[in-house]
Amino acid sequence: MRILVLFFITFSTLFAYSDSYNRGKTLYFEKGCNGCHGTKAEGMNTYPALANRAKGFMAYKLKRFRSEISDKQIQEMMIPFAIELSDQDIEDLVTFLHEYVDEQTERYDIEFRTEGDGGS
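Note that our numbering has the sequence shown beginning at 187, numbered continuously upward.
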C-alpha cells in the first residue's frame with residue numbers, strides 16, 4: 187500500500203510540474219519575454235540569458251520588479267512586464283526557464299551549399 191501511495195504522489199507531482207512548465211512557456215511568449223531574451227531564452231545583446239538559471243534567483247528578481255524595485259537603471263524596463271504577474275505566474279515562468287529544454291534538434295541544413303547558386 188505504501189508503494190502505491192508513493193507511486194501516486196511521485197507521478198502526480200511530475201504531471202503538475204509539466205503543467206507548470208507549459209504554463210510558463212505560454213507566459214514567456216505571451217508577455218513578449220522572447221523579444222529581448224530570445225526565443226530560446228539565450229539572451230540577446232545586453233539582455234541576459236535566462237535558460238537554466240536558478241529558480242530562487244529568478245523568482246526573487248521578478249518579485250522585486252513586480253514591487254517596482256530594480257538594482258540598475260537598465261533593469262527598470264522589466265517593471266511594466268512584471269507588475270501584473272501573480273505569484274503563480276512567477277512560479278510557472280521560473281519553472282519553465284529553470285528546466286528549459288531546447289526542442290529544436292537540427293540547427294541548419296547540413297546539405298546547404300553556396301556554390302552553384304547562380305552567383306553574381
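All C-beta atoms, glycine included, are put in the ideal place defined by N, C-alpha and C.
Through-space distance from residue j to residue i, alpha-carbon basis
i	j	result
Ala-235	Tyr-286	11 Å
Arg-250	Glu-297	48 Å
Arg-252	Arg-209	19 Å
Gly-221	Leu-283	15 Å
Ala-245	Phe-215	18 Å
Lys-241	Thr-281	7 Å
Phe-243	Gln-290	27 Å
Cys-219	Asp-257	19 Å
Thr-225	Glu-254	26 Å
Ile-276	Asn-238	15 Å
Met-230	His-223	6 Å
Ser-204	Ile-269	25 Å
Residue i in three-state terms, based on DSSP
i	result
Tyr-286	coil
Glu-297	coil
Under 8 Å between C-beta atoms of residue i and residue j
i	j	result
Leu-248	Leu-271	yes
Ser-206	Asp-288	no
Phe-267	Lys-217	yes
Anticipated Cβ contact below 8 Å, residue i with residue j, distance rounded
i	j	result
Ile-265	Thr-232	The pair is not a contact, with the Cβ atoms about 17 Å apart (cut-off 8 Å).
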